[in-house]
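Residue numbers in the sequence shown follow the UniProt record's numbering, run continuously in steps of one, and reach 379 at the last position. All residues carry an ideal CB built from backbone N, CA and C; glycine is no exception.
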Amino acid sequence: MIISSTSDYRAAAQKRLPPFLFHYIDGGAYAEQTLRRNVEDMAAVALRQRVLKDMSRLDTSIELFGEKLSIPVALSPVGLTGMYRRRGEVQAARAADAHGIPFTMSTVSVCPIEEVAPRIKRPMWFQLYVLKDRGFMQNALERAQAAGCSTLVFTVDMPVPGARYRDAHSGMSGPNAAMRRYWQSVTHPAWSMDVGLLGRPHDLGNISAYRGSPTGLADYIGWLGANFDPSISWKDLEWIRAFWKGPMVIKGILDPEDAKDAVRFGADGIIVSNHGGRQLDGVLSSARALPAIADAVKGQIKILADSGIRNGLDVVRAIALGADCAMIGRAFIYALAAAGEAGVKHLLELLEKEMRVAMTLTSVSKVADITGDLLVREA
């Protein structure tokens, strides 16, 4: 199969993965309207093509939170990454490290922090939820800090899990889920050998390290549902801001007033995100939410964006809409599932090439010059 885009990696991942895993990463909440709009609205952003500006010197790098990134992209936190390829967090982190960008480890990763951090040169980022078990949160923060994680990504748009209809149909949840997952695994031998047999333990490594006992896939949905905290408010983040020594980024911002609250709180950055359309269906896409948020807080706080970014052209679009950096989740998981570490490396190479084409044809030689002036304004 010829691979030249994220769409190609998605098709390859669908062939290789058991359906419960493919649909878990591919799906969204409710009727998946926001999931679709994330991609459609970003793709609809029109840029001004400019020519004859001498683009022989082009720089895609940025500085963010004291780190140099080769391109303005970071890998988003994705739960269960290690179920998509053998010890998947390690493979994805190494690919990001090789390309000179951050990998963000999820709270609900398969590999624990201590397995991934020593395998890469640059410090990784760590993502955390507000959970009812504050002891787990403190334990995770202490371990992340001890492992040298540089930036804390705090996800705030999941006080309750979203309603994801696909999961009940695919076997991730619903009646006879364990039996259905077993049968799907048997009928996908490449995945079964790589992950099912050689990728053990199939565990939520960070949670198991705290609990002192295995927390496997069968416990995953139940544990999440029991531990998410709908009482979350800004005051619940104050002790974390005081404890964490590095940059702190708030993930899940879609409204300018919440962005202003993040500035008042003292966050170093926000991530404009609707959780990839996996939480509240019908909310704004990131492409639609970005401009108003940038108008409200640009220059006061770093703005990152995810949800709907599938290629290097989308990265340029997101920055033109007001982001300082883009993040990708599904795109790198598709590549990881299809081809492991090499797939993620190739995807990042594609993103950089696509960025360079977009920058050349819009006549911007550095990322700082990607501004709203590149956008074609509607009459």
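For residue j and residue i, believed in contact at Cβ under 8 Å, the rounded distance
{"i": "Gly312", "j": "Glu352", "result": "6 Å"}
{"i": "Val39", "j": "Gly308", "result": "5 Å"}
{"i": "Ala331", "j": "Gly343", "result": "Going by Cβ atoms, the distance from Ala331 to Gly343 rounds to 11 Å, so no, they are not a contact pair."}
{"i": "Glu115", "j": "Gly205", "result": "7 Å"}
{"i": "residue 390", "j": "Met158", "result": "Since the displayed the chain opens at 1 and closes at 379, residue 390 lies outside it and no answer follows."}
{"i": "Ala12", "j": "Ile3", "result": "7 Å"}
{"i": "Lys345", "j": "Ala98", "result": "6 Å"}
{"i": "Leu375", "j": "Val45", "result": "7 Å"}
{"i": "Asp203", "j": "Pro189", "result": "With a Cβ gap of about 22 Å, Asp203 and Pro189 do not count as contacting."}
{"i": "Thr362", "j": "Leu47", "result": "5 Å"}
{"i": "Val156", "j": "Met83", "result": "The pair is not a contact, with the Cβ atoms about 25 Å apart (cut-off 8 Å)."}
{"i": "Leu69", "j": "Ser61", "result": "6 Å"}
{"i": "Ser56", "j": "Leu350", "result": "Not quite, the Cβ-Cβ distance comes to about 22 Å (not below 8 Å), so this is no contact."}
{"i": "Val249", "j": "Ile271", "result": "6 Å"}
{"i": "Gly199", "j": "Arg87", "result": "6 Å"}
{"i": "Trp125", "j": "Ala74", "result": "7 Å"}
Reference residue i, options the options, closest by Cα
{"i": "Leu80", "options": "Ala146, Arg86 and Val110", "result": "Val110"}
{"i": "Leu254", "options": "Lys298, Ile293, Phe20 and Ser213", "result": "Ile293"}
{"i": "Gln33", "options": "Gly212, Asp306, Met124 and Gly282", "result": "Gly282"}
{"i": "Met137", "options": "Glu89, Val153, Leu350 and Pro291", "result": "Val153"}
{"i": "Gly252", "options": "Ala368, Leu284 and Arg264", "result": "Leu284"}
{"i": "Cys149", "options": "Ile25, Gln127 and Asp167", "result": "Gln127"}
{"i": "Ala318", "options": "Ala43, Gly199 and Trp125", "result": "Ala43"}
{"i": "Pro112", "options": "Glu89, Tyr129, Ser185 and Ile62", "result": "Glu89"}
{"i": "Gly299", "options": "Arg37, Leu64 and Ile25", "result": "Leu64"}
{"i": "Ile301", "options": "Asp314, Leu280, Ala320 and Ala262", "result": "Ala262"}
{"i": "Ser273", "options": "Gln14, Ala267 and Ala323", "result": "Ala323"}
{"i": "Ala337", "options": "Ala287, Ala92 and Pro123", "result": "Ala92"}
{"i": "Ala289", "options": "Pro19, Asp258 and Phe265", "result": "Asp258"}
{"i": "Ser286", "options": "Asp268, Gly266, Pro118 and Val315", "result": "Val315"}
{"i": "Ser170", "options": "Ile370, Phe22 and Asn139", "result": "Phe22"}
{"i": "Arg241", "options": "Leu224, Gly269 and Ala226", "result": "Gly269"}
{"i": "Ile328", "options": "Val364, Val186, Asn176 and Leu348", "result": "Leu348"}
{"i": "His275", "options": "Ala320, Ile207, Asp306 and Ile250", "result": "Asp306"}
{"i": "Arg278", "options": "Ala190, Val160 and Thr215", "result": "Val160"}
{"i": "Thr151", "options": "Pro123, Asn176 and Trp239", "result": "Pro123"}
{"i": "Arg134", "options": "Lys53, Asp369, Ala339 and Leu237", "result": "Leu237"}
{"i": "Pro72", "options": "Ala31, Tyr84, Gly82 and Asp59", "result": "Asp59"}
{"i": "Trp244", "options": "Met55, Ala140, Arg377 and Gly174", "result": "Ala140"}
{"i": "residue 417", "options": "Arg119, Leu47 and Pro19", "result": "Outside the shown range of the chain (1 to 379) lies residue 417, about which nothing can therefore be said."}
{"i": "Pro256", "options": "Lys235, Gly174 and Pro291", "result": "Pro291"}
{"i": "Pro247", "options": "Arg36, Ser192, Gly196 and Phe265", "result": "Phe265"}
{"i": "Ser76", "options": "Glu354, Trp183 and Ile333", "result": "Ile333"}
{"i": "Arg85", "options": "Met55, Leu17 and Ser106", "result": "Leu17"}
{"i": "Tyr129", "options": "Ser106, Lys121 and Ala147", "result": "Ser106"}
{"i": "Arg94", "options": "Ala74, Val108 and Lys121", "result": "Lys121"}
{"i": "Gly225", "options": "Lys132, Pro19, Leu197 and Leu304", "result": "Lys132"}
{"i": "Ala209", "options": "Tyr182, Trp125 and Val108", "result": "Val108"}
{"i": "Tyr9", "options": "Cys325, Arg310 and Asp369", "result": "Arg310"}
{"i": "Trp234", "options": "Ala320, Gly216 and Lys260", "result": "Lys260"}
{"i": "Gly174", "options": "Ala339, Asp373 and Phe20", "result": "Phe20"}
{"i": "Met1", "options": "Val364, Ala339 and Lys366", "result": "Ala339"}
{"i": "Ala326", "options": "Asp295, Ala296 and Val367", "result": "Val367"}
{"i": "Asp41", "options": "Ala267, Asp373, Leu321 and Ser365", "result": "Leu321"}
{"i": "Val364", "options": "Ile303, Pro201 and Arg50", "result": "Arg50"}
{"i": "Pro201", "options": "Leu217, Val186 and Thr187", "result": "Leu217"}
Identity of the residues DSSP links to residue i by a beta bridge
{"i": "Phe136", "result": "DSSP output for Phe136 lists no bridge partner at all."}
{"i": "Asp203", "result": "Gly216"}
{"i": "Ile253", "result": "Val272"}
{"i": "Lys366", "result": "Asp59"}
{"i": "Tyr129", "result": "Thr155"}
{"i": "Met355", "result": "Met355 is not bridged to any residue."}
{"i": "Thr187", "result": "Paired residues: none, contrary to the question."}
{"i": "Met193", "result": "Note: Met193 sits in no beta bridge, so no partner."}
{"i": "Met105", "result": "Phe126"}
{"i": "Met248", "result": "Leu152"}
{"i": "Phe228", "result": "Leu131"}
{"i": "Leu375", "result": "Leu47"}
Which parts of the segment 319-344 are runs of the beta strand (DSSP E), unbroken and 3 residues or longer, counting only runs that do not cross its ends? Counting only unbroken stretches of 3 or more residues, the beta strand (DSSP E) elements lying wholly within the segment 319-344 are 325-328, in sequence order.
Hey, which unbroken runs of the alpha helix (DSSP H) at 4 residues or more fall wholly within the segment 14-86? 19-26 and 33-43
What runs of the beta strand (DSSP E), each 3 residues or longer, lie entirely inside the segment 284-325? If we require 3 residues or more, the beta strand (DSSP E) runs fully inside the segment 284-325 come out as 302-305.
Report yes or no: do the segment 10-29 and the segment 161-172 share at least 3 C-beta pairs separated by less than 8 Å? yes
Are the segment 356-374 and the segment 94-103 touching by the rule of at least three beta carbon pairs closer than 8 Å? no
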